[in-house]
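Colleague: Once you've had a glance at the structure underneath, I'll fire off some questions.
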Amino acid sequence: MLKKAPEPNLPQPTTPKGRATLARILASGREIFGEAGYVSMRMSDLAERAHLSMGALYRYFDNKDDVFLAIIHDIHNELYAASRPGERQSFRDRPDEAILESNRGYLGHYRNHRKVMRAFIEATMVDQRYDDMWWYMRERHIVRVATALERDHGITEINGMPARVSLEALASMTEQSAYVWYAHPDTAAEMLPVDDAARIVSEIWCCTLFSPRGAGRQDPPARSEGRQGRTDMERT
């Protein structure tokens with residue numbers, strides 16, 4: 001069952017100035033957490049970066065965890081949206097293209113926010129709330145694909161086991177690859193291009209889900225001529 005993620009204690013300013021200040025705090029928070037990491041981040045550094053007094057900052061957030069939960073909550077929703085196939089790709093008709101586009105979106109957004117994602121992984125090691133958030137993020141992606149796989153292709157088993165087991169492995173592979181290629185402190189200065197990364201992980205996805213040894217399908221289904229509408233992973 002999909003466990004509910006921890007909800008951030010987000011202020012609700014009612015004036016344009018207040019909303020602009022909140023946006024500035026969160027944008028500055030992404031920078032500070034990315035630079036300092038979760039453990040070493042200080043509210044005083046955030047106040048300075050956001051050009052606020054400490055008193056003004058505390059009118060919006062009580063502590064750094066309130067700030068970080070709000071940031072991670074936003075990034076999770078952005079990653080989920082970025083990994084949703086666009087209008088051109090149908091998971092039913094061209095799952096290979098839909099999977100490639102989905103992985104390209106996920107990996108691209110991960111790379112763009114690699115520093116704060118590294119801080120997030122650090123936080124999961126020291127605070128249960130972030131571990132719960134990480135688990136929810138992972139589960140939400142898996143459930144979306146599992147639902148689309150059964151709905152559009154009738155696949156509920158892979159290699160004689162529930163399809164979810166393979167999807168857990170694929171999700172873990174993609175997430176760990178993103179961390180190693182983009183977020184790990186020892187990542188090379190010349191990072192793997194997102195297009196190349198997406199092709200690598202997508203080939204593994206397609207081979208696992210649609211190979212004869214997997215779900216029993218010889219090839220990903222061809223595009224249906226004249227099909228109207230959309231039946232891809234965005235519906236879930």
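If you're matching positions, the sequence shown starts at 1 in UniProt numbering and goes up one per residue.
Note that beta-carbon positions come from the ideal geometry of N, C-alpha and C, so glycine has one too.
Starting from I158, follow its DSSP beta bridges and name the residues at the other end.
Modeller: M161
Colleague: Assuming V143 is part of the alpha helix (DSSP H), what are its boundary residues?
Modeller: Looking at the DSSP string, the run of the alpha helix (DSSP H) that includes V143 is Q128 to H153.
Colleague: Exposed or buried, which one is Y38 when buried takes at least 16 other CB atoms within 10 Å?
Modeller: Y38 should be labelled buried.
Colleague: Any chance the segment 71-80 sits against the segment 190-197, with 3 or more Cβ pairs inside 8 Å?
Modeller: no
Colleague: To the nearest angstrom, how far is the alpha carbon of H73 from that of G154?
Modeller: 32 Å
Colleague: Flag this pair as yes or no: are the beta carbons of L10 and A70 separated by less than 7 Å?
Modeller: Cβ atoms of L10 and A70: closer than 7 Å.
Colleague: Mark H109 as exposed unless 16 or more other C-beta atoms lie within 10 angstroms of its C-beta, in which case mark it buried.
Modeller: Here H109 is buried: its Cβ has 16 or more other Cβ atoms, across all protein chains shown, within 10 Å.
Colleague: How would you write the range of the alpha helix (DSSP H) that A117 sits in, first residue to last?
Modeller: Note that residue 117 is Met in the sequence shown here, rather than Ala. Here the alpha helix (DSSP H) through M117 covers R114 to T124.
Colleague: Which whole-angstrom value is the C-beta distance of A197 and L107, which I expect to be below 8 Å?
Modeller: 5 Å
Colleague: To the nearest angstrom, how far is the alpha carbon of M133 from that of P212?
Modeller: 36 Å
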